Amino acid sequence: MAIKSRRLREIPLAFAMLGPSLLVLLTFVLYPLGKAVWLGQQTCDVQGKNCKSVGWGQYTNVIKSDQFQHALWVTVKFAMITVPIGLVLGVGLAVLADKQLRGMRFFRTIFSSTIATSVAVASLMWLFLLQPSVGVLANLSWLHNIFPVIKEPGLLNDSGTALWSVGISSIWANLGFTFILVTAGLQSVPKEMHESAYVDGAGGWMRFTNVTLPLISPTLLFTTVVLTSRAFQAYGEMDLLTNGGPIPQDSTTTVTYLIYGSSSIIKNNDGLQAAVAVLLFVILLALSALQFRGFGKRVHYGS
Amino acid sequence: MQYDASVASIRLVGVSKHFGDVKAVDNVSLDIADRDFMILLGPSGCGKSTLLRTIAGLEDPTAGEVWIGDKMVNDVEPKDRDVSMVFQSYALYPHKSVQANIEFPLKVRGVDKAERAEAAKQAAEVLGLTPYLERRPGALSGGQRQRVALARAIVRQPAVFCMDEPLSNLDAKLRAETRAELVALHHRLDATFVYVTHDQVEAMTMGNRIAVMRDGIIEQVGTPKDVYDKPASVFVAEFIGTPPMNIFPAGSVEAADHLVGARPEHTHLATTGVAATVALVEHLGHEIQVVCTIDSEHRATVRLPTGTEVPSNGSPVFLTADENHRHRFNVETGLRIS
Chain A
1 MAIKSRRLRE IPLAFAMLGP SLLVLLTFVL YPLGKAVWLG QQTCDVQGKN
51 CKSVGWGQYT NVIKSDQFQH ALWVTVKFAM ITVPIGLVLG VGLAVLADKQ
101 LRGMRFFRTI FSSTIATSVA VASLMWLFLL QPSVGVLANL SWLHNIFPVI
151 KEPGLLNDSG TALWSVGISS IWANLGFTFI LVTAGLQSVP KEMHESAYVD
201 GAGGWMRFTN VTLPLISPTL LFTTVVLTSR AFQAYGEMDL LTNGGPIPQD
251 STTTVTYLIY GSSSIIKNND GLQAAVAVLL FVILLALSAL QFRGFGKRVH
301 YGS
Chain B
304 MQYDASVASI RLVGVSKHFG DVKAVDNVSL DIADRDFMIL LGPSGCGKST
354 LLRTIAGLED PTAGEVWIGD KMVNDVEPKD RDVSMVFQSY ALYPHKSVQA
404 NIEFPLKVRG VDKAERAEAA KQAAEVLGLT PYLERRPGAL SGGQRQRVAL
454 ARAIVRQPAV FCMDEPLSNL DAKLRAETRA ELVALHHRLD ATFVYVTHDQ
504 VEAMTMGNRI AVMRDGIIEQ VGTPKDVYDK PASVFVAEFI GTPPMNIFPA
554 GSVEAADHLV GARPEHTHLA TTGVAATVAL VEHLGHEIQV VCTIDSEHRA
604 TVRLPTGTEV PSNGSPVFLT ADENHRHRFN VETGLRIS
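Protein sequences, first through last, are from chains A and B.
Position 108 of the first sequence, counting from 1, maps to 108 under my numbering, and the rest follow consecutively.
Position 34 of the second sequence, counting from 1, maps to 337 under my numbering, and the rest follow consecutively.
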């Protein structure tokens with residue numbers, strides 16, 4: 001009894017201690033989230049005022065709409081392009097640079113440098129590279145002889161290549177991040193495990209698949225989840241490189257672009273924007289849970 | 304378990320391994336006979352591990368030749384040297400079961416599944432691991448992990464076993480038991496063992512030959528008895544034996560042109576002799592060890608049977624060394640004279 005009453009007496013103190021962080025969490029996370037969920041079933045005028053509820057059915061309407069389904073499919077394709085290629089390239093570079101060779105620090109710096117590049121800078125750089133009349137690629141005549149699309153209409157302006165081109169820019173921008181994480185993972189693999197496998201006769205590929213990969217699997221899982229979530233939330237690339245286009249196919253209108261893009265079909269409808277945003281949040285949550293569940297069993301977290 | 308490894312002696316000829324300016328191994332020549340249990344003994348940083356790794360093929364020698372059997376193996380990959388290695392950390396694969404760990408050397412050699420499962424079972428049986436084959440290394444004790452590392456080493460029946468301080472992660476009691484088991488294993492396998500340790504007790508009890516190393520060179524090679532009874536230098540004399548050999552200051556026992564050493568069992572308290580002060584008295588149960596300070600650089604230990612009257616700390620004593628058991632060393636070089 002004494003313990004119980006003392007616990008009761010401590011409750012005000014506990015709330016006082018939790019207060020500051022609770023306040024921040026409420027103000028900046030829970031309130032906006034709740035507000036967005038609520039806004040998702042409202043409709044407003046073009047200025048975003050005079051909102052009134054139109055019912056939770058708005059969410060189902062969004063899910064059923066062609067625009068949302070198209071944007072989701074584009075987003076999934078974007079993730080399926082950027083995540084595997086980015087991961088393989090990042091692991092490949094990290095393994096190459098994980099050797100005690102002279103000058104390796106230089107390459108490590110180069111490989112990880114994109115982590116210090118903002119999406120805006122990276123996208124602008126790629127915009128200039130891919131520009132169909134004065135871009136670097138457009139001036140390699142042998143290249144655009146093989147791939148005329150580079151010049152006409154331009155990789156970013158062709159509905160078949162636009163998403164891949166945006167994807168390449170995004171892969172490049174995320175490479176430094178993957179490289180650093182995987183490098184750290186590689187360095188945590190004990191040297192003796194490689195040596196033991198080497199003495200036992202395992203060649204480079206055998207050591208990579210039997211020793212390196214399983215031992216960096218926690219890093220790979222983490223990187224995959226983060227890259228996927230970044231791909232689903234990517235916005236700057238589409239905004240700067242293609243504006244969600246080329247139209248009319250809307251080849252690069254991802255879910256985020258549908259929510260916020262300047263040429264999005266719902267750009268003047270706060271209620272629909274909120275509904276799509278909430279749906280994206282739910283999809284990402286489910287996807288991350290699925291990744292941890294699915295790969296979690298195969299991931300080995302040390303002895 | 305049938306063990307039919309091809310026999311292999313090891314010969315090192317003028318082997319050096321330099322890392323930049325550091326001479327980890329410096330012009331070492333050593334013959335290890337077939338089926339020897341050779342111990343590489345020395346303090347940390349003496350180059351013993353580097354020498355072992357050179358035999359296994361993990362280090363390329365800067366100079367010199369490494370022979371295994373009748374083959375010069377300098378340019379031979381480790382996997383083709385018929386050598387297996389046990390690491391101090393065991394280097395077990397945490398994501399593989401005990402069975403998969405033991406099978407791994409066969410798997411990389413393309414042995415088919417049934418055959419390697421059978422070989423793994425036999426190796427596990429030799430080391431008493433049969434109940435644990437399905438477990439992961441993380442679910443095993445330190446001693447069991449050590450056995451898995453050994454099982455993985457014997458499963459492909461190499462001619463040479465390289466072991467780099469395999470017992471140093473075990474507690475004292477387990478270490479003593481495993482020492483005996485390793486000797487039995489060596490006897491059973493009839494293969495060549497090269498075993499690195501800094502523990503002179505392991506060296507004395509396990510090896511049939513010991514190479515004592517210091518600063519990249521071998522100070523002495525011999526049987527444990529040779530090394531104990533006739534140490535080639537002051538360094539060896541002081542490294543082998545617990546407590547180590549007593550070295551008396553030049554001129555205090557015999558003429559000043561050489562140093563005299565005597566094992567604690569051959570040093571006595573007397574009424575005349577080398578003057579010293581009792582610094583510490585240790586009662587070990589079966590005997591008493593009296594540690595005396597001769598001067599700031601020289602200490603000496605005397606062994607007394609229990610029940611003897613022991614001088615108290617700080618009291619002045621005199622020490623003598625048995626005439627028949629004196630070791631004489633050059634003052635300058637520290638090398639043995641007689």
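The beta carbon of each residue, even a glycine, is placed where N, CA and C say it ideally should be.
Remember, it's a predicted structure, so these values are computed and weren't measured experimentally.
{"query": "Neighbour-count burial assignment, Val29/A, 16 or more Cβ in a 10 Å radius", "result": "exposed"}
{"query": "Same chain, Cβ closer than 7 Å to Thr353/B, neighbours up to 5 away in sequence not counted", "result": "Lys320, Ala327, Val328, Glu362"}
{"query": "Contiguous beta strand (DSSP E) assignments of at least 3 residues, all confined to the region 518 to 561 of chain B", "result": "520 to 525, 549 to 551"}
{"query": "Contact check, Ala426/B vs Val386/B, beta carbons under 9 Å", "result": "no"}
{"query": "Exposure label - Gly431/B; buried when at least 16 CB within 10 Å", "result": "exposed"}
{"query": "CA-to-CA distance, Asp66/A to Ile259/A, given in whole angstroms", "result": "14 Å"}
{"query": "Coarse secondary structure for Trp164/A, derived from DSSP in three states", "result": "helix"}
{"query": "Inter-residue CB distance, Arg639/B and Lys533/B (contact presumed, cutoff 8 Å)", "result": "7 Å"}
{"query": "Val7/A classed as buried or exposed, judged by whether at least 16 other C-beta atoms fall within 10 angstroms", "result": "A quick correction: the sequence has Arg, not Val, at residue 7/A. So Arg7/A ends up on the exposed side."}
{"query": "C-beta neighbour in chain B for Pro190/A, strict 9 Å", "result": "yes"}
{"query": "Residue range of the beta strand (DSSP E) that includes Gly350/B", "result": "Here Gly350/B belongs to no beta strand (DSSP E), and DSSP marks it neither H nor E."}
{"query": "When Tyr257/A, Val83/A, Val226/A, His144/A are compared against Leu72/A, the one with the closest alpha-carbon", "result": "Tyr257/A"}
{"query": "For Ser303/A, the three-state DSSP class (helix, strand or coil)", "result": "Here Ser303/A scores only 46 on pLDDT, less than 50, and its place in the model should not be relied on; the value that follows carries that caveat. In the structure shown, Ser303/A sits in coil (DSSP, three-state: anything other than H, G, I, E or B)."}
{"query": "Chain-order list of residues whose beta-carbon lies under 7 Å from that of Phe128/A (same chain, five-residue window excluded)", "result": "Gly135"}
{"query": "Beta carbon proximity, Lys399/B to chain A, threshold 9 Å", "result": "yes"}
{"query": "Proximity test, Cβ basis, 9 Å: Gly317/B and chain A", "result": "no"}
{"query": "Host alpha helix (DSSP H) of Met80/A (start-end)", "result": "66 to 97"}
{"query": "Range covered by the beta strand (DSSP E) that runs through Ala366/B", "result": "366 to 371"}
{"query": "Between the CA atoms of Gln503/B and Ala660/B - distance to the nearest angstrom", "result": "The displayed coordinates of chain B run from 304 to 641. Any statement about residue 660/B would go beyond what the structure contains."}
{"query": "Same chain, Cβ closer than 6 Å to Pro547/B, five either side skipped, listed in chain order", "result": "Glu541"}
{"query": "Where Phe111/A falls, given that 16 or more other Cβ within 10 Å makes a residue buried", "result": "buried"}
{"query": "Same chain, Cβ closer than 7 Å to Asp560/B, neighbours up to 5 away in sequence not counted", "result": "Val634"}
{"query": "Interfacial residues, the region 348 to 375 of chain B to chain E, with Cβ spacing under 9 Å", "result": "Here chain E cannot be found, since the structure's protein chains are A and B."}
{"query": "9 Å Cβ cutoff, Gln460/B in contact with chain A", "result": "no"}
{"query": "Any C-beta of chain A under 9 Å from that of Arg450/B", "result": "no"}
{"query": "Three or more C-beta pairs below 8 Å linking the region 178 to 197 of chain A and the region 387 to 400 of chain B", "result": "yes"}
{"query": "Residue-chain proximity (Ser392/B, chain A), Cβ-Cβ < 9 Å", "result": "yes"}
{"query": "Of the residues Asn616/B, Pro527/B, Asp625/B, the one placed nearest Arg566/B, counting alpha carbons only", "result": "Asp625/B"}
{"query": "Secondary structure of Gly176/A, DSSP reduced to three states", "result": "helix"}
{"query": "Contact list for Lys476/B against chain A, beta-carbon separation under 9 Å", "result": "By Cβ distance, chain A contributes nothing, its closest Cβ being about 23 Å from Lys476/B, past 9 Å."}
{"query": "8 Å Cβ cut-off: residues of chain A touching Val386/B", "result": "Val199"}
{"query": "Check whether Glu505/B and Arg482/B have beta carbons under 9 Å apart", "result": "yes"}
{"query": "DSSP-derived helix/strand/coil call for Glu505/B", "result": "helix"}
{"query": "C-beta neighbour in chain B for Asn174/A, strict 9 Å", "result": "no"}
{"query": "Whole-angstrom distance between Ala336/B and Met375/B, CA atom to CA atom", "result": "16 Å"}
{"query": "N- and C-terminal bounds of the beta strand (DSSP E) containing Tyr435/B", "result": "Looking at the DSSP string, Tyr435/B is not in any beta strand (DSSP E), and its letter there is neither H nor E."}
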